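Below you'll find the structure, written out as structure tokens, and then a few comments.
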Amino acid sequence: MNVLVVNCGSSTVKYQLFAMDGEEVYQVLAKGLVERIGIPGSRLEHKFGERVFSQERDASNHRIALEWIIETLTSGETRVLHSISQIEAVGHRVVHGGEKFTGSVLIDETVLRVIRECADLAPLHNPPNILGIEACQALMPRVPQVAVFDTAFHGTIPEYAYIYAIPYEYYEKYRIRRYGFHGTSHRYVAERAAKIMGRDLRELRLITCHMGSGVSFAAVKEGKSIDTSMGFTPLEGLVMGTRCGDLDPAIVFFLMEKEGLSAEEVEEILNKRSGVLGISGVSSDTRDIEDAAPSHHRSRLTLEIIAYRAKKYIGAYYAILGGLDALVFTAGIGENSSFIRYSICKGLEHLGIYIDEERNKARRKEAFLNEDRSPVKILMVPTNEELMIARDTWRIVEELR
Ligand code: ADP
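For the sequence shown, my numbering begins at 192 and goes up steadily by one.
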């Protein structure tokens with residue numbers, strides 16, 4: 192079954208075309224992205240086999256971008272399919288599934304309506320996801336489409352962990368609660384970690400650490416997320432590229448008053464000008480911070496804060512999991528930065544976490560990073576959200592046949 196995986200952002204469409212012969216048996220036929228949608232000079236980059244093709248053209252909306260992608264997949268020298276009719280299913284990444292979706296679903300009118308209703312909760316993310324679904328429905332009206340939600344894996348978090356201590360009626364009225372994000376990534380790396388360890392996921396206590404430009408940790412017990420650091424929005428939790436993470440909410444009102452700022456302006460500061468960028472004043476990219484650190488106090492401080500706050504979450508999740516079998520690192524920082532992984536793990540030997548300096552030099556491949564004597568395993572697992580979406584889509588569409 193040929194499954195097209197689509198991930199629409201506000202000005203981008205990322206795609207991957209999988210030939211699936213089963214959950215574990217698959218081939219990536221092509222992958223790529225269109226960027227600058229709605230901005231002059233849109234650009235497509237398409238990788239197939241060892242080859243890379245790029246093209247510039249104006250794509251004023253997501254539908255035109257998807258037509259461009261399908262044309263690239265089915266014609267000329269970039270062709271990997273004979274025609275659009277060979278696309279047998281489409282899997283969409285959808286950021287917010289609200290409380291309704293705790294797993295992936297076949298998209299019908301009701302599902303689409305609920306995704307639209309969730310747009311209030313994810314105003315930056317769900318609207319482009321909806322545009323992508325509508326465009327694919329228009330271009331491939333008879334092809335089944337599946338939605339895979341970033342929030343779904345965290346649907347198992349218990350009520351006492353997702354309710355905030357504010358008047359309960361705001362939960363009833365606006366569904367203000369912890370949702371959590373990066374769920375597809377946490378689920379993927381948890382499943383891989385169990386396989387690599389040769390253990391059954393249902394008997395493991397894991398902390399999965401997704402550290403990219405957005406950062407979230409999840410406590411995964413017996414294969415289920417029982418808590419995660421992102422909350423009502425992706426702003427809560429650890430220090431991120433430009434997001435502040437945990438904060439005394441009183442700071443918001445203090446800043447509004449002292450600086451004469453509106454709610455939107457403070458929101459912008461906390462989302463776009465805080466985190467690694469805000470503390471260091473150098474960059475939101477931890478590579479730049481690691482380079483600057485030897486001669487720049489605020490860059491060094493940034494790295495110390497990242498590690499310190501990560502340790503606090505590991506301690507908290509160790510407590511609620513009732514122990515720990517493995518710590519799993521993934522995403523841009525988690526897969527690349529030996530320094531940040533080391534500074535997080537160092538000092539946690541009293542929890543049974545012993546990182547091996549030599550093994551920790553590994554990058555972007557599945558590997559154990561712990562010393563042999565370490566009771567807690569430390570793993571690096573490159574994430575693969577697209578594969579997870581392709582698998583869910585394949586499984587749901589197979590069942591229809
Ligand atoms: P996104 O969350 O946008 O999908 P990624 O998971 O690709 O992003 O993570 C991007 C981040 O990963 C960069 O901003 C950078 O901080 C970090 N990163 C990537 N490569 C390295 C590296 N070699 N060393 C340190 N940090 C890195």
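Yeah, the Cβ is synthetic: ideal placement off N, Cα and C, and Gly gets one too. The structure displayed is predicted, hence computed values, not measured ones.
Rounded to the nearest angstrom, how far is the Cβ of F292 from that of F340, given a contact under 8 Å?
Sequence index remark: in the sequence shown, residue 292 carries index 101 (1-based). Sequence index remark: in the sequence shown, residue 340 carries index 149 (1-based). Indeed, because the Cβ distance is near 5 Å, the residues count as touching under 8 Å.
For G469, count the other beta carbons within 10 Å of its own beta carbon; 16 or more makes it buried, fewer makes it exposed. Which is it?
As a first step, residue 469 is located in the sequence shown; it is residue number 278 there, counting from the start. By the neighbour-count rule (16 or more Cβ atoms within 10 Å), G469 is buried.
Flag this pair as touching only if the stretch 309-321 and the stretch 264-274 have three or more C-beta atom pairs under 8 Å; answer yes or no.
no
Roughly how many whole angstroms lie between the Cα atoms of I531 and H373?
The sequence position of residue 531 within the sequence shown is 340, counting from 1. The sequence position of residue 373 within the sequence shown is 182, counting from 1. Each residue's alpha carbon lies about 20 Å from the other.
Mapping DSSP to helix, strand and coil, what is L195?
Here residue 195 corresponds to residue number 4 of the sequence shown, with the count starting at 1. Strand, per DSSP.
contact_flag[the stretch 347-359, the stretch 328-338] where n(CB pairs < 8 Å) is 3 or more
no
Element boundaries [alpha helix (DSSP H), containing T375]:
Here the question's residue 375 lines up with position 184 in the sequence shown. Element bounds for T375: G374 to M388.
So which of E382, M402 and I387 has the shortest CA-CA distance to R393?
Taking the first residue of the sequence shown as 1, we reach residue 393 at position 202. Answer by Cα proximity: E382.
If you pair each beta-carbon of the stretch 192-199 with each one of the stretch 276-283, do three or more pairs fall below 8 Å?
yes
My understanding is that G432 touches S471, with C-beta atoms under 8 Å, so please give their C-beta distance in whole angstroms.
As a first step, residue 432 must be located in the sequence shown, where it is residue number 241. As a first step, residue 471 must be located in the sequence shown, where it is residue number 280. Going by Cβ atoms, the distance from G432 to S471 rounds to 11 Å, so no, they are not a contact pair.
Please work out which residues of its chain come closer than 6 Å, Cβ to Cβ, to G288, disregarding the five sequence neighbours upstream and downstream, and give them in chain order.
In the sequence shown, residue 288 corresponds to position 97, counting from 1. Correct list, in chain order: F340, T342 and A343.
Who pairs with D418 in a beta bridge, going by DSSP?
Walking along the sequence shown from the start, residue 418 turns up at place 227. D418 is bridged to A410.
Under 9 Å between the Cβ atoms of A256 and I228?
The residue given as residue 256 occupies position 65 in the sequence shown. The residue given as residue 228 occupies position 37 in the sequence shown. Against a cut-off of 9 Å, the Cβ pair of I228 and A256 comes out as a contact.
Cβ pair count under 8 Å reaching 3, the stretch 503-514 against the stretch 539-546:
yes
Separation of E258 from A250, as counted between CA atoms
In the sequence shown, counting from the first residue as 1, residue 250 sits at position 59. In the sequence shown, counting from the first residue as 1, residue 258 sits at position 67. The alpha-carbon atoms of A250 and E258 are separated by roughly 9 Å.
With 16 other CB atoms within 10 Å as the buried threshold, where does R307 fall?
Along the sequence shown, one-based indexing puts residue 307 at 116. It is exposed - the Cβ of R307 has fewer than 16 other Cβ atoms within 10 Å.
Let me confirm a value: R378 is counted as buried when at least 16 other C-beta atoms fall within 10 Å, else exposed. Which label applies?
As a first step, residue 378 must be located in the sequence shown, where it is residue number 187. Per the 10 Å Cβ criterion, buried.
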